[in-house]
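Just below is one structure, and these are the notes that go with it.
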Amino acid sequence: MTPEQNDRLTRVGPGTPMGALMRRYWQPIAASVDVNERTPTKLIKILGEELVLYRNRSGGVGLIGPRCAHRNASLLYSVPEPNGVRCCYHGWLYDEKGVCIERPNEPKELANIVKIPSYPVQERGGLVFAYLGPEPVPLLPNWDVLAWPNVTRKISAAILPCNWLQCMENSLDPVHFEWLHRYYGTYEMLRQDPSRKLDEWNATTARRGKHHVKLGFELTSYGIIKRRLLDGEKESDDHWRMGHPILFPNVLRVGMYDWHGLHYRVPMDDVTTLHIMVDLDLPKPNTQAEPQDSVPAKYWPLYDENNQLIQTFSGPHEPYHVVVQDQVAWIAQGAISDRTNEKLAATDIGIAYYRKLLSQQMDLVEKGQDPMNVHRDADPDDCIVLPIENARYPGDGEGETGGPFKDYVPKKPDYERVLK
Ligand code: FES
Ligand SMILES: [Fe+2]
2 MTPEQNDRLT RVGPGTPMGA LMRRYWQPIA ASVDVNERTP TKLIKILGEE
52 LVLYRNRSGG VGLIGPRCAH RNASLLYSVP EPNGVRCCYH GWLYDEKGVC
102 IERPNEPKEL ANIVKIPSYP VQERGGLVFA YLGPEPVPLL PNWDVLAWPN
152 VTRKISAAIL PCNWLQCMEN SLDPVHFEWL HRYYGTYEML RQDPSRKLDE
202 WNATTARRGK HHVKLGFELT SYGIIKRRLL DGEKESDDHW RMGHPILFPN
252 VLRVGMYDWH GLHYRVPMDD VTTLHIMVDL DLPKPNTQAE PQDSVPAKYW
302 PLYDENNQLI QTFSGPHEPY HVVVQDQVAW IAQGAISDRT NEKLAATDIG
352 IAYYRKLLSQ QMDLVEKGQD PMNVHRDADP DDCIVLPIEN ARYPGDGEGE
402 TGGPFKDYVP KKPDYERVLK
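Note that the working numbering numbers the sequence shown so that position 219 is 220, with each residue one more than the last.
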C-alpha cells in the first residue's frame, strides 16, 4: 500500500473522502446520561470537528458549533433554557438548529439572523446519535440492540489514541481470537494472577479461540458477515452457519448466550477514536427485565498506575477482558498504523475485502450517490434483527439459540479461504 492509499483509508477530517463517507451515517457521539441536569453540556469531537452537545430544560438534546457567534465564548459554558442554550458571556440564546433566537440588549428586529453550525441528533438505546452529512437526512437504523424492549442495557466507552481503522480491521480478522484472546489472554491472566482458575475462561470465552480452519465473508445489504470454521466443527455449526456481522462502515455486532451488543468505533479525528458500546442482557425466558429509567454509562481509563495499557482480568473491566485485549492491539499498532510496510497473509482476506469495500463506497460518495447501509425507505419503527452465533434471542426458550435464524442456511461466502 502506498502512503496515499493509507491516508485515503484512514484520514477523516473535513474534505477527506473517508470523512465524507463517515458523514453519511448516524454516529453515536455520547451516552444519553452524559448530558443531564447537573452537567447539561459536553464538548464533542467527531470527524475532526468540535461541537457542543447540550440537553435543554425541556429534556431535548442539541448539537451546535462550539463558539458563540457574538464574540467567540465557548458554549460549553452556557445555561440550558427550555428551548436551547444561552451563552454565558452576554446571554445570546441558540436553539437546536443553531439559530440565535434571542439577543438581549439588541434590537428585536435583528433576531433570528445570526446562525452557528448545528447537526441533527436523536437518542436511542441509551446513546445520542448525530448526523453530520448532507440532506436529505437518512433514517437512524433501528438495530435490534437499540430497539428491543424488556432488556437491560448499559453503555461502556473509551477514548483511544489511535486511528479508527485499526479497530475495524480487527473485526474482519477472526484468527486474532485464537492468539490475542486465547493464547496471549491466557498468558496474561496467569501472569497477573497465577492462582486464577482457567476452567471458566476455557469453557466460555476462550472456547471461541479454537484453531481456525476456514474463513468466509459474505456481503449483505448492511455490511459483511464473517464466518469461521473452528477445529472439530461442521459447517452446520453456528460459527459457520450464522457468524456475526460488521455493520458498514464502523460497527461490530457482537453477542453470546443472553448478551447482545453493538460496538461503534467512531473517529473523533485521525488519531483518536471513541469506542462506544451498547450492550444488553436478555431476562430469563418469560420474565420481565428490571425497568430502566436511563441507561448507565461508564468511560474506561486506558492506563494503569504504571502507565501501561490496562489488560486486566480483575477489577473494573472484569466482563470486558476481550475488549481490553483488542484495545491493546489497536493502540499498540501506533497512532495510524503504517500499512506501507505490512505483510498481509492468507488469514487477512477479510481485511483486504473490507478495504476494497471502503474504497468502492468512498467512490460512490464522491459521485454523489448513497453508500451501502444508508437507510431511507424502511418504516422507522421496524426492528432490524441481526444474526449472532450461539446467542439466545427474545422469544427463544431456555437453552435455545438463533431466534429467527434458527434454520438459516447460508449461501456460499463471497470470499472464503481454507487455512492450514
Ligand atoms: S460571546 Fe456569547 S453572547 Fe457574547
Ligand atoms: Fe478481538
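From the three backbone atoms N, C-alpha and C, an ideal C-beta is built for every residue, glycine too.
Asked                                                                                                                                                                   : Found
Please say whether V115 and W144 have beta carbons closer to each other than 9 Å?                                                                                       : no
Can you check whether the CB of D349 is closer than 9 Å to the CB of C168?                                                                                              : no
Output the boundary residues of the beta strand (DSSP E) element that contains H213.                                                                                    : H213 to L220
So, are the CB atoms of A32 and G99 less than 9 Å apart?                                                                                                                : no
With contact counted as at least three CB pairs below 8 Å, one residue from each stretch, are the region 179 to 198 and the region 299 to 311 in contact?               : no
Beta carbon of C89: closer than 8 Å to some heavy atom of ligand 1?                                                                                                     : yes
Can D270 and L133 be called in contact, C-beta distance under 9 Å?                                                                                                      : no
Does the beta-carbon of W180, which I'm using as the reference point, lie nearer than 8 Å to any heavy atom of ligand 1?                                                : no
Taking only the alpha-carbon atoms, compute the straight-line gap between L54 and V419 and give it to the nearest angstrom.                                             : 48 Å
Is it true that the CB of C163 sits closer than 9 Å to the CB of I30?                                                                                                   : no
Between the Cα of L161 and the Cα atoms of M373, G398 and A330, which residue gives the shortest distance?                                                              : A330
For ligand 2, is there any heavy atom lying closer than 8 Å to the beta carbon of N287?                                                                                 : no
Let me know the alpha helix (DSSP H) ranges lying completely inside the region 267 to 335, each 4 residues or longer, listed in chain order.                            : 322 to 333
Excluding the five sequence neighbours on either side, which residues of its own chain have a C-beta within less than 7 Å of the C-beta of P424, listed in chain order? : In the structure as shown, the chain begins at 2 and stops at 421. Residue 424 is therefore absent and cannot be evaluated.
Take I156 and list the residues in its own chain whose beta-carbon comes closer than 6 Å to its own, dropping the five residues that flank it on each side.             : A32, G127, V279, V296 and A298
Please determine whether the Cβ atom of A298 lies at a distance below 8 Å from any heavy atom of ligand 1.                                                              : no
Do you know whose CA, among N84, A158, P121 and E343, lies nearest E103's CA?                                                                                           : N84
If you check the beta carbons only, do T341 and T3 fall under 9 Å apart?                                                                                                : yes
Rounded to the nearest angstrom, how far is the Cβ of P250 from that of Y416, given a contact under 8 Å?                                                                : At roughly 18 Å, the Cβ-Cβ gap does not stay under 8 Å, so P250 and Y416 are not in contact.
For P246, I'd like the list of residues in its chain whose CB is within less than 6 Å of its CB, leaving aside the five on either flank, ordered along the chain.       : G224, I226, R254 and L387
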